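Adding 3 to a residue's 1-based position in the first sequence gives its number in our numbering.
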Amino acid sequence: MGEKELRRSLSVLPIGTVMKLTNLTARQIRYYEEQGLVLPKRNEGNRRMYSLNDIDRILEIKDYLSEGMNIADIQSVFAKREAKRKREQAALSKSISDDEARRLLHKEFLNLGGLAGNNNDPFNNRL
DNA sequence: TTTCTCACA
DNA sequence: TGTGAGGA
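1. Buried or exposed, going by whether 16 or more other CB atoms sit within 10 Å of the CB of S54?
2. Which residues in the same chain as E36 place their Cβ atom closer than 8 Å to its Cβ, once the five residues preceding and following it in sequence are excluded?
3. Taking the CB atoms as reference points, tell me whether I61 and I32 lie closer together than 8 Å.
4. If you run the structure through DSSP and keep just helix, strand and coil, what is N42?
5. Express the C-alpha separation of L108 and P125 in angstroms, rounding to a whole number.
6. Taking C-alpha atoms, which residue in F81, R88, Q78 and T25 lies nearest to I58?
7. Pick out whichever of T28, K87, G5 and L9 has its Cα sitting closest to the Cα of I18.
8. When you compare the CB positions of N56 and R11, do they come within less than 8 Å of one another, or not?
9. Buried or exposed for L40, going by 16 or more other Cβ atoms inside 10 Å?
10. On the premise that Q78 lies in contact with Q38, defined as a C-beta separation below 8 Å, what is that separation, rounded to the nearest angstrom?
11. Note the first and the last residue of the continuous alpha helix (DSSP H) segment covering R11.
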């Protein structure tokens, strides 16, 4: 996770700020949490603290609701998005592994050349 | 003052 | 989803 994403994930906004930013009532915001649509952190005093990502999430919920979707619909939308995120994350780590494998193979190639006393490694002067 | 949980003439 | 109680 990059620095920027980390900041967007920091839960620093109290519900009052979220109310102003989203134009929703505290009741509604808490209800969406009850339905598992948003998962704000809690501070020492049991107060809900929201991140910028939570704000985006809530605004998205608000839009979907105004478009006629119900809570269940929205839950499935987020569920599918999460599934996709996992798939892409898996693909990403696989590509990293492949890249790592390539480096190891190249390293082996260089070692083989050295063991055989081979002096015509084309990459010899570049690596 | 703000936010929390709980409950419903 | 609104609203009030009673507490932190």
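We put the CB at the ideal spot given by N, CA and C, even for glycine.
Here the structure is a predicted model, which is why all the values come from computation and not from measurement.
Reading it off the structure:
1. buried
2. L42, P43 and R51
3. yes
4. Checking the sequence, you will find Leu at residue 42 rather than Asn. L42: coil per DSSP, three-state reduction.
5. Residue placement at P125 cannot be trusted, given a pLDDT of 44 that sits under 50; the coordinates are not used to answer.
6. T25
7. T28
8. yes
9. buried
10. 7 Å
11. E6 to R11
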